[in-house]
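Comments concern the structure below.
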Amino acid sequence: MCFGWATRCLSAQPTVQGCCEDKKSGRGKCACVALGYLEERWDLNARNKINALISFFLAKEEVEEFAKLSPDEQQKRLKGIIKKIDADADGFLTEAELSSWIQQSFKHYVVEDAKQQFGEYDKDADGRVSWEEYNIQMYDRVIDFDEQTLEDAEEESFRQLHLKDKKRFEKADRDGVPGLDLEEFIAFEHPEEAEYMEEFVIQEALEEHDKNGDRFVTLEEFLGDYRRDPAASEDPEWILVEKDRFANDYDKNKDGKLDPKELLNWIVPNNEGIAQEEAAHLIEEVDLDGNKKLTEAEILENQELFLNSEATDYGRQLHDESFYHEEL
Numbered sequence: 001m002c003f004g005w006a007t008r009c010l011s012a013q014p015t016v017q018g019c020c021e022d023k024k025s026g027r028g029k030c031a032c033v034a035l036g037y038l039e040e041r042w043d044l045n046a047r048n049k050i051n052a053l054i055s056f057f058l059a060k061e062e063v064e065e066f067a068k069l070s071p072d073e074q075q076k077r078l079k080g081i082i083k084k085i086d087a088d089a090d091g092f093l094t095e096a097e098l099s100s101w102i103q104q105s106f107k108h109y110v111v112e113d114a115k116q117q118f119g120e121y122d123k124d125a126d127g128r129v130s131w132e133e134y135n136i137q138m139y140d141r142v143i144d145f146d147e148q149t150l151e152d153a154e155e156e157s158f159r160q161l162h163l164k165d166k167k168r169f170e171k172a173d174r175d176g177v178p179g180l181d182l183e184e185f186i187a188f189e190h191p192e193e194a195e196y197m198e199e200f201v202i203q204e205a206l207e208e209h210d211k212n213g214d215r216f217v218t219l220e221e222f223l224g225d226y227r228r229d230p231a232a233s234e235d236p237e238w239i240l241v242e243k244d245r246f247a248n249d250y251d252k253n254k255d256g257k258l259d260p261k262e263l264l265n266w267i268v269p270n271n272e273g274i275a276q277e278e279a280a281h282l283i284e285e286v287d288l289d290g291n292k293k294l295t296e297a298e299i300l301e302n303q304e305l306f307l308n309s310e311a312t313d314y315g316r317q318l319h320d321e322s323f324y325h326e327e328l
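Just so we're aligned, residue 1 is where the sequence shown starts under the UniProt record's numbering, counting upward by one.
Quick look at the structure:
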């Protein structure tokens with residue numbers, strides 16, 4: 001899955017590499033990990049490579065469940081998914097239908113992920129997650145920092161991150177009732193899913209990256225602490241990539257800096273664009289007759305490829321009845 005902001009990590013700062021890490025579990029939780037496989041996946045024809053991909057994108061128990069499905073059951077469930085993607089029931093899957101389905105899938109798993117976390121955080125089961133409950137779940141104790149700067153650099157860094165968490169928690173609390181209900185909790189964990197969080201997300205990013213306070217992010221600010229090694233004749237490859245992204249993907253008006261709207265495109269990845277790219281790639285790879293549409297027969301002919309795509313969330317949808325049986 002590629003969730004945009006995906007699972008919020010302690011460091012809300014989008015690094016130059018575009019990834020963050022869950023400080024508690026130590027696991028990377030960013031869409032870029034999955035996106036790195038998009039270009040490689042299409043050449044993976046061998047069974048062992050497909051199984052390796054399935055193992056990467058699915059949890060261990062999901063891999064085991066996937067392996068237990070007979071080929072006939074896999075095909076039966078896949079046919080159910082195909083019918084749901086075919087919104088106009090004309091027997092063809094268009095790029096627009098595939099893109100729309102993938103975006104629904106993103107949203108579905110964001111909500112399901114938040115529901116699961118919500119139950120873990122809501123210790124007293126009152127239907128709301130308090131700030132104290134959030135702290136206990138995250139840090140095993142209630143933490144309270146004031147505005148006083150700490151001398152220890154590591155402790156000060158943690159204080160800053162914790163205060164950012166608290167500000168976002170307070171912003172997500174839209175109804176003013178203490179604690180977050182499920183909808184507010186989703187906005188806290190996945191601010192890209194809540195329109196009312198947009199300005200806060202922009203302001204949070206400006207506070208992190210706009211060093212001169214002009215409400216813009218320059219290329220230098222975008223690159224963060226990077227400084228070229230005086231002994232090096234040129235920048236490393238990853239810096240060249242980031243400079244290209246800054247100039248061609250984010251700086252739409254070509255003024256050499258990111259305004260708040262452009263900044264939003266950087267810090268909140270475009271799920272719609274990701275879905276459209278994946279849909280177009282599926283059409284290109286699976287469409288056998290060149291009509292820019294997919295039939296059930298074409299998909300079944302390329303079943304393994306389709307199961308290793310965002311269209312089925314890398315096979316995960318075959319284990320979720322809401323996708324292949326009930327309405328999404």
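From the three backbone atoms N, C-alpha and C, an ideal C-beta is built for every residue, glycine too. The structure presented is a predicted model; accordingly, all values stated were derived computationally and were not measured.
Could you tell me the distance, in whole angstroms, from the CA atom of Gly273 to the CA atom of Ile202? 20 Å
Integer Cβ distance of Val142 from Glu132, believed to fall under 8 Å: 5 Å
Any non-hydrogen atom of the ligand PLP closer than 6 Å to Gln276 Cβ: Summarising the ligand content, the structure contains no ligands, and the ligand PLP is consequently not present.
What is the DSSP secondary structure of Leu288, counted as helix, strand or coil? coil
Cβ atoms of Phe246 and Phe222: under 7 Å apart, would you say? yes
Could you pull out every residue in the same chain whose Cβ sits closer than 6 Å to the Cβ of Ala279, ignoring the five residues on either side in sequence? Glu95, Leu98 and Ser99
At which residue ranges does the segment 181 to 208 contain complete alpha helix (DSSP H) runs of 4 or more residues, listed in the order of the chain? 182 to 189
How would you label Ser105, buried or exposed, when you count the other beta carbons within 10 angstroms and need 16 or more for buried? buried
Would you be able to state if there are at least three C-beta pairs under 8 Å between the segment 223 to 243 and the segment 251 to 259? no
Compute the Euclidean distance between the alpha carbons of Leu177 and Asp249, then round it to the nearest angstrom. For the record, residue 177 in the displayed sequence is Val; it is not Leu. Going from the Cα of Val177 to the Cα of Asp249 covers about 40 Å.
Where Leu150 sits in the DSSP three-state scheme: coil
Can you tell me which of the three DSSP states Lys107 falls into? helix
From the DSSP secondary-structure annotation, give me the bridge partner or partners of Leu240. According to DSSP, Leu240 bridges with nothing at all.
Report the CB separation of Ala187 from Ala172 in whole angstroms; it is logged as a contact under 8 Å. 4 Å
Residues in its own chain within less than 7 Å of Tyr121 by CB, not counting five upstream and five downstream? Val129, Glu133, Tyr134 and Gln137
CB-CB under 8 Å to Lys123, same chain, minus the five flanking residues each way: which ones, in chain order? Glu133, Ile136 and Gln137
Residues in its own chain within less than 6 Å of Trp266 by CB, not counting five upstream and five downstream? Tyr250
Glu189 beta carbon less than 7 Å from that of Arg174: no
Going by DSSP in three states, Lys211 sits in which element: helix, strand or coil? coil
Check the C-beta distance from Leu163 over to Ala205 and give it rounded, since I have them as a contact under 8 Å. That pair is no contact at about 15 Å.
Hey, how far is the Cα of Asp144 from the Cα of Phe118? 22 Å
So who's on the other strand from Lys257, going by DSSP bridges? Thr218
Mind checking Ala232: buried by the 16 CB within 10 Å criterion, or exposed? exposed
What would DSSP say about Gly161, mapped onto helix, strand or coil? One detail in the question is off: residue 161 reads as Leu in this sequence, not Gly. Leu161: helix per DSSP, three-state reduction.
In angstroms with no decimal places, state the Cα-to-Cα distance between Leu69 and Gln75. 10 Å
Mind checking which residues open and close the alpha helix (DSSP H) that includes Ile82? Pro71 to Ile85
What residue does the alpha helix (DSSP H) around Ala125 start on, and which one ends it? Unbroken run through Ala125: none, as it is neither H nor E.
Measure the beta-carbon distance from Leu93 to Leu294 and round it to whole angstroms, keeping in mind my assumption that it falls under 8 Å. 4 Å
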